[in-house]
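Novice:
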Amino acid sequence: GIFLSLMLLQLCLVTSPSLSSFDTCQIDFGDSPVPEPPDPPTTMPTQAHSRPKRQVKPVVKLTYDQPGRSRDQPLTIVHRGITIYIGKT
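Numbered as in the working numbering, the sequence shown ends at 1362 without a single skipped number.
1. Spatial neighbours of Leu1348 within its chain, please: CB distance less than 6 Å, with the 5 preceding and 5 following residues excluded, ordered by chain position.
2. Helix or strand or just coil, what does DSSP make of Thr1349?
3. Taking just the CA atoms, how far does Ile1350 sit from Thr1356?
4. Just reading off the beta strand (DSSP E) that Thr1356 is part of, what are its end residues?
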């Protein structure tokens, strides 16, 4: 389905970072094996930054009981028949 198509497209873009558009990435849904992309020309790699672009801060769960105050109790969300438990259970 569409999820598989998106996963394959993401895999193709990750394995070939030099691609600039989606039309150069081929996804094969047939029985034949997917051809490997050609090796990119060897050039000097650019200096990669290993630090994040922004500072990652911890998430503070808020409650409607006391607006603006964090909540340490578990939270249960039910949406369209799916139950999500957040926190210690």
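Just so you know, even glycine gets a beta-carbon here, dropped at the ideal spot from N, CA and C.
Just so we're clear, the structure is a prediction, and the values are computed from it rather than from any experiment.
Specialist: From the atom records:
1. Result list for Leu1348: Ile1359 and Gly1360, in chain order.
2. Here Thr1349 sits in strand by DSSP.
3. CA-to-CA, the gap between Thr1356 and Ile1350 works out to about 6 Å.
4. For Thr1356, the uninterrupted beta strand (DSSP E) segment begins and ends at Ile1355 to Ile1359.
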